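The block underneath contains the structure these notes are about, expressed in structure tokens.
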Amino acid sequence: MILKRLFPARWAKIVAWTAAALAWGTTAVAVAANAGAVTPVDQPEPVAAPEPPTTTTSTTTTTAPMPDMPERGLVVVRYTPVPPPPPQVVTRTVVVAGSSGGGGSVASAPAPAPVVTAPVKSSGS
Numbered sequence: 015m016i017l018k019r020l021f022p023a024r025w026a027k028i029v030a031w032t033a034a035a036l037a038w039g040t041t042a043v044a045v046a047a048n049a050g051a052v053t054p055v056d057q058p059e060p061v062a063a064p065e066p067p068t069t070t071t072s073t074t075t076t077t078a079p080m081p082d083m084p085e086r087g088l089v090v091v092r093y094t095p096v097p098p099p100p101p102q103v104v105t106r107t108v109v110v111a112g113s114s115g116g117g118g119s120v121a122s123a124p125a126p127a128p129v130v131t132a133p134v135k136s137s138g139s
């Protein structure tokens, strides 16, 4: 079924656009790679003055990023994760006030609204 839709002219267009895209990409990579290596041809290279010898001593200690490979077998790298922090208890106080709407005559004042407090556990971030 797909072969009916890909007649020779369409194949030619696909191949042409693919070749153009590859050529453009190759050119871009080549230009980027040679950007740092370009030196002007007309100007002679300057001769650097010899530097006097300097004596420096430094002692550094480095650790191997990976353990030494054994002659046979696998290298086992151990990982111990840090336990998550305990959840925090957050107490939220909500006060619901009655409305003082002006609808009709009310014989008595509304009762004070209850205070709701509930501990809320945090997931720790």
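Letter by letter, the sequence shown follows residues 15 to 139 in our numbering.
We put the CB at the ideal spot given by N, CA and C, even for glycine.
No experiment lies behind these values; they were computed from the predicted model shown.
Could you tell me the boundaries of the alpha helix (DSSP H) in which residue 86 lies?
By 1-based counting over the sequence shown, the position of residue 86 is 72. From DSSP, residue 86 is part of no alpha helix (DSSP H); its letter is neither H nor E.
Could you check the C-alpha separation between residue 44 and residue 38 for me, to the nearest Å?
As a working note, residue 44 is residue 30 in the sequence shown. As a working note, residue 38 is residue 24 in the sequence shown. Near 10 Å, if we compare the C-alpha coordinates of residue 38 and residue 44.
So residue 92 is in the beta strand (DSSP E); what residue range does that whole segment cover?
To locate residue 92, count along the sequence shown from 1; it is residue 78. Premise fails: residue 92 is in no beta strand (DSSP E) and is neither H nor E.
Neighbour flag for residue 100 against chain C, beta carbons, 9 Å:
In the structure shown, chain C does not exist; there is a single protein chain.
Can you give me the Cβ contacts of residue 46 inside the same chain, cut-off strictly under 8 Å, excluding the 5 residues immediately before and after it?
Locating residue 46 in the sequence shown gives position 32, where the first residue counts as 1. For residue 46, where only same-chain residues beyond five positions count, there are no Cβ hits under 8 Å.
Just curious, the beta strand (DSSP E) that residue 74 is in, first and last residue?
For the purposes of this step, residue 74 is identified with residue 60 of the sequence shown, where counting begins at 1. That residue, residue 74, is in no beta strand (DSSP E); it is neither H nor E in DSSP.
Could you tell me the boundaries of the alpha helix (DSSP H) in which residue 43 lies?
As a position in the sequence shown, residue 43 is number 29, starting the count at 1. Element bounds for residue 43: 22 to 48.
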